[in-house]
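In the numbering used here, the protein residues as written are 38 to 535.
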């Protein structure tokens, strides 16, 4: 292995947490896997990072991303955090199956690299620290799907598999996915030190967050004003993320506070799902028996989580009214951003007074028959792109065909047509086709490539990655990925187990 390391290209690793101290993390070496092999490589992300193309062919890259070797200069570690899980305080948690390798300055800025599934850490509790092939494929594909949709997210650089066995509901094989993000800091990191009454460590961590990721807030006077500004900034980022999730029909499935990014990124892809039929009450996580994280409740849960974050920051802000004022911005910002997102889906560049009602009425139409969310919006985009409002029956016929009883659709359409007269139709259709994706990572698509991968065929992953990386393009060769889901798709069970 040392010979392989000598042949590698140089990476300059940085470890900002070292300056904070080991109260925040524990050095941990990854646990090797046997007979590792490539499952998938994200060449596009590697290019974004400025990595040499030929490095994917090196044995070292495979071994490092499997956790079987450590790059010179990298010092793997796991961080400690706490949090609320399903609304209940869970106490200390931490990186139970994730190991950060450190930070690298890349062509995309400073990025932290993390191996998920690389073995036990001091925070694994009773777990084995492993990830299975099934869930790793889902995370690899979905993080890139979200990036393709323009939604803030962690990304996936590579996916490595091994025949080593892992016990979940059944015996499965192990995998390691390499995640990349500017930071993996979560609400739970802040909560941990606040819950322990360690204000000194809390302050050091938040100051680190500001200097590393929110340096535009440094001119704000230090102390309560700056920490309040941080809370308001995280509130803004979270509101923006929620609006984007709702607009594409994305269900996270497990919005615990320890799964919420301080940078407003989509993080921790477990029992996620993109809606097939539009059902505001849809629960994608079969472990969520109370429906806490149903699609329509996500914006409300995000605010609940932010409130928990505000409580954790209160020892630094020291003024409850200031903290509440920062959080209150969510109540006006999220609805405005959600209206903007759905107005854009309708081809409306500016939100007018009555647009909220137009949007809400349409969502009720879709919910009445659980109309396929992605296909509806794509067909509507193509209809508007025809620029023929004089013949609505013909222009919108493919959209109307999606309803068994089109009475409500027929009642809604005239108001939309009237609203479209206020916009430039030559641009509206084009804008809609770059807003409403043709492809999303539906559960059945993920399940199909997972079953292929279990048989040793990884070609489906590469094909889906290609399509999901540019989901607004037509990709005529992959038309089947944009079709209605098969009947068996509704029986796919997704839980927190990975």
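Glycine is no exception: its CB is placed at the ideal position from the N, C-alpha and C atoms.
Residue pairing for residue 208: DSSP places it in a beta bridge opposite 204.
Look at residue 474 here: in three-state DSSP terms it is coil, with no helix or strand label.
By alpha-carbon distance to residue 226, the top candidate from 245, 217, 214 is 245.
Residue 450: member of the alpha helix (DSSP H) spanning 444 to 457, first to last residue.
Your pair residue 134 and residue 161 checks out as a contact, with CB atoms roughly 7 angstroms apart and the cut at 8 angstroms.
The residues 108, in chain order, have a CB closer than 6 angstroms to that of residue 101 in the same chain once the five nearest residues on each side in sequence are set aside. In this structure residue 355 is exposed. Its beta-carbon is surrounded by fewer than 16 other beta-carbon atoms within 10 angstroms. Under the three-state reduction of DSSP output, residue 530 falls in the coil class, being neither helix nor strand. Boundaries for residue 74: no alpha helix (DSSP H) harbours it, while the beta strand (DSSP E) harbouring it runs 74 to 78, taken from the DSSP string.
Distance from the CA atom of residue 472 to the CA atom of residue 509, rounded to whole angstroms, is 7 angstroms. Residue 154 places its beta carbon less than 8 angstroms from that of residue 213. If only complete runs of 3 or more residues are kept, the segment 109 to 187 shows the beta strand (DSSP E) at 114 to 116, 119 to 122, 125 to 129, 135 to 143, 146 to 153, in order along the chain. Runs of the alpha helix (DSSP H) lying entirely within the segment 215 to 262 and spanning at least 4 residues, in chain order: 224 to 232, 236 to 250. Proximity to residue 114 across 332, 377, 63 peaks at 63, based on C-alpha coordinates.
For residue 517, the secondary structure class from DSSP, reduced to helix, strand or coil, is helix. Between residue 83 and residue 93, the gap from beta carbon to beta carbon is short of 8 angstroms. Burial of residue 477 is indicated by the presence of at least 16 other C-beta atoms within 10 angstroms of its C-beta. Residue 117 places its beta carbon less than 8 angstroms from that of residue 229.
Classified as exposed, residue 237 has fewer than 16 neighbouring CB atoms from the shown chains inside 10 Å of its CB. Nearest to residue 267 by alpha-carbon distance, out of 287, 300, 284, is 300. Note on residue 318: under 16 other CB atoms within 10 angstroms of its CB, so exposed under the neighbour-count rule. Per the Cβ contact rule, the segment 193 to 206 is not in contact with the segment 505 to 520 (fewer than 3 Cβ pairs under 8 angstroms).
Residue range 62 to 64 is occupied by the beta strand (DSSP E) that includes residue 64. Per DSSP, residue 525 lies in no alpha helix (DSSP H) and is assigned neither H nor E.
Look at residue 190 here: in three-state DSSP terms it is strand. Between residue 349 and residue 397, the alpha-carbon positions lie close to 35 angstroms from each other.
Per the coordinates, the alpha-carbon of residue 391 lies some 13 angstroms from the alpha-carbon of residue 399. Under the three-pair Cβ rule at 8 angstroms, the segment 253 to 269 does not count as touching the segment 131 to 147.
In the DSSP assignment, residue 504 falls within the alpha helix (DSSP H) that extends over 496 to 506. Boundaries of the alpha helix (DSSP H) around residue 480: 480 to 491. Nearest to residue 418 by C-alpha distance, out of 197, 385, 446, 389, is 385. Taken in chain order, the complete alpha helix (DSSP H) segments of 4 or more residues contained in the segment 286 to 366 are 335 to 354. Its chain contains 376, 377, 380 as the residues whose beta carbon lies nearer than 7 angstroms to that of residue 388, once the 5 sequence neighbours on both sides are disregarded; these appear in chain order. Separation of the CB atoms of residue 530 and residue 289 is rounded to 17 angstroms, and the pair is thereby denied contact status at 8 angstroms. Measuring C-alpha to C-alpha distances from residue 241 to each of 67, 138, 59 identifies 59 as the nearest.
Here residue 407 really is in contact with residue 314; their C-beta atoms are around 3 angstroms apart, less than 8 angstroms.
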